[in-house]
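Below you'll find the structure, written out as C-alpha cells, and then a few comments.
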Amino acid sequence: MLAGLARGTTVAAPVGSVIYEHVTSTGRWLESRDLTGGSRFALTRPLRPGELRRDCCATWLGDGSRVAFVRHTPTENAIYAVDADGTQLRRIVSETQLAHRAGIHPELRSLEAVPDGSKLLFTLDDSRSCNGDSIWRVNSDGSDLRRLYRRPASEKAELFVYDWSPDKQSALFEVSHNDGDCYGSHIEESEIELVGDDGAAPPRRLATTNPIEGAGWLPSGHTIILDVCPEDGRATSRPSRTAEGTCAGSRTSRRSPTRSAASTRCTWRRLTAQTS
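Using the numbering used here, the first residue of the sequence shown is number 20, and each one after it goes up by one.
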C-alpha cells in the first residue's frame, strides 16, 4: 500500500485512472494517478499546515471528466464537484441548504452517482442526534434536492447507500441494525431496501440478512449481488473480492473509517429484485 493512503478509499475511473484519499494527521485530500502508480497529482488542494479538512467519498461523474465528493471542515459539510484535472471546483449542495431542508445539523456520509453522472445519492445524518438519518438525492447540477427516506427515530440503525438501479429510477440502500446504540459497532443484521427516485412511496424491503459489506446491481437491473459477512456481525471490514466469488481481507470499516477491523471472510449472495 502506498504511504499516506487510506485503505478502502481508492475509486477506479472509466478512463484508466484512480482517485484515492491522501491522509495526514489533520485530514485528507483527493489525488489521482494512473493504474501503474504514475502521473500523480492533487485533485483537491493539499492541506495547509494545521488545516482541518477531510475530502472523501469520491465518485466519478459520467465519462470520468468530473468527480463528486464530500468535504468536511469545522465550518462546512458539503458536496462538491471538480474536473478530473483538478480545476473548476464547484459546490453542488451546501450545509446551509441541507440544514434548511432537513431541519437538522447535517453530516454527510456515503455518496454514489448514477452511471451517466446526472444524479447523486447520499446519506445524511444528524450530528447532534440519533434521530435524523436519511437518504437523499440531488442532480449533479445542484437542482432537485429531495429526501427519499428517513429512518424512524425508534429504529436503532445506520443507513448506507450503495447504488442506483441501471434505469436510474430506484436506489439501493442498507438499514444496518445494531445492539441498541444507534451507532454501535456490533451489527446484528442488515436489511436491503429499494426506494424510488421520487421518494413518493415507502421503501420496499428486499431481504434481511447477516451484516453485509457491499451491494450492487447486475446490468440487467433485476439482480443484486451482496457481500454477506459472518453471523456475529462484529467484524465489519470491507473485504476484497476474489475470482472464486468470496472476499477476504483486513480493511478499514466503511462504518467507521478510522477503526481497523478484524480479518474476516464474506461470501457472495445473489438476490433477485423486481424493480416494478
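Virtual Cβ for every residue (Gly too), placed ideally from N, Cα, C.
For Asp-251, which residues in the same chain have their Cβ closer than 7 Å to its Cβ, ignoring the five residues on either side in sequence?
Residue mapping note: residue 251 aligns to position 232 of the sequence shown, counting from 1. Residue placement at Asp-251 cannot be trusted, given a pLDDT of 46 that sits under 50; the coordinates are not used to answer.
Could you give the distance in angstroms between the alpha-carbon of Arg-257 and the alpha-carbon of Ile-231?
Here the question's residue 257 lines up with position 238 in the sequence shown. Here the question's residue 231 lines up with position 212 in the sequence shown. Annotation note: pLDDT 34 at Arg-257 (below 50); position unreliable, coordinate value reported separately. The straight-line gap from Cα to Cα measures roughly 9 Å.
Arg-110 versus Arg-90, Ser-84, Ser-129, residue with shortest Cα-Cα distance
Within the sequence shown, residue 110 is the residue found at index 91, counting from 1. Of the candidates Arg-90, Ser-84, Ser-129, the one whose C-alpha sits nearest the C-alpha of Arg-110 is Arg-90.
Alpha carbon to alpha carbon, how far is Arg-270 from Arg-169?
If you number the sequence shown from 1, residue 270 lands on position 251. If you number the sequence shown from 1, residue 169 lands on position 150. The pLDDT assigned to Arg-270 is 25, lower than 50, so where the model puts this residue is not dependable, and the model offers no usable value.
Alpha carbon to alpha carbon, how far is Phe-192 from Val-37?
If you number the sequence shown from 1, residue 192 lands on position 173. If you number the sequence shown from 1, residue 37 lands on position 18. If I take the Cα positions, the gap works out to 24 Å.
Ignore the nearest five residues each way along the sequence and tell me which others in Thr-227's own chain have a CB closer than 7 Å to its CB.
The residue given as residue 227 occupies position 208 in the sequence shown. Here the set comprises Glu-208, Glu-210.
Would you kindly check if the distance between the Cβ of Gly-46 and the Cβ of Leu-80 is under 8 Å?
Numbered from its first residue, the sequence shown carries residue 80 at position 61. Numbered from its first residue, the sequence shown carries residue 46 at position 27. Contact: no.
With a CB to CB cut of under 7 Å and the five nearest residues on each side skipped, what residues in its chain are close to Arg-224?
Taking the first residue of the sequence shown as 1, we reach residue 224 at position 205. So the qualifying residues of the chain are Glu-210, Glu-212.
Pick from Val-214, Trp-183, Gly-215, His-196 that is closest to Ala-234, judged by C-alpha positions
As a working note, residue 234 is residue 215 in the sequence shown. Looking at the Cα atoms, Trp-183 is the closest of the given residues.
Between Ser-173, Glu-126, Asp-163, which lies nearest to Asp-217 when the distance is taken from Cα to Cα?
As a first step, residue 217 must be located in the sequence shown, where it is residue number 198. Minimum Cα distance to Asp-217 is reached at Asp-163.
Just grab the DSSP bridge partners of His-196 for me.
Your numbering for residue 196 matches position 177 in the sequence shown. His-196 pairs with Ala-176, Glu-208.
Alpha carbon to alpha carbon, what distance is there between Pro-65 and Ala-220?
If you number the sequence shown from 1, residue 220 lands on position 201. If you number the sequence shown from 1, residue 65 lands on position 46. Between Ala-220 and Pro-65, the C-alpha separation is close to 43 Å.
Considering only their Cβ atoms, is the gap separating Gly-215 from Ser-4 smaller than 8 Å?
No information on residue 4 is available, as it lies outside the stretch 20 to 295 that the chain covers here.
Cα-Cα separation, Asp-104 to Leu-62
For the purposes of this step, residue 104 is taken as residue 85 along the sequence shown, with counting starting at 1. For the purposes of this step, residue 62 is taken as residue 43 along the sequence shown, with counting starting at 1. Going by the C-alpha atoms only, they are around 7 Å apart.
Note down the Cα distance separating Ser-259 from Glu-114, rounded to an integer number of angstroms.
Numbered from its first residue, the sequence shown carries residue 259 at position 240. Numbered from its first residue, the sequence shown carries residue 114 at position 95. Here the model assigns Ser-259 a pLDDT of 30, short of 50, so the residue's position is not dependable and the matter cannot be decided.
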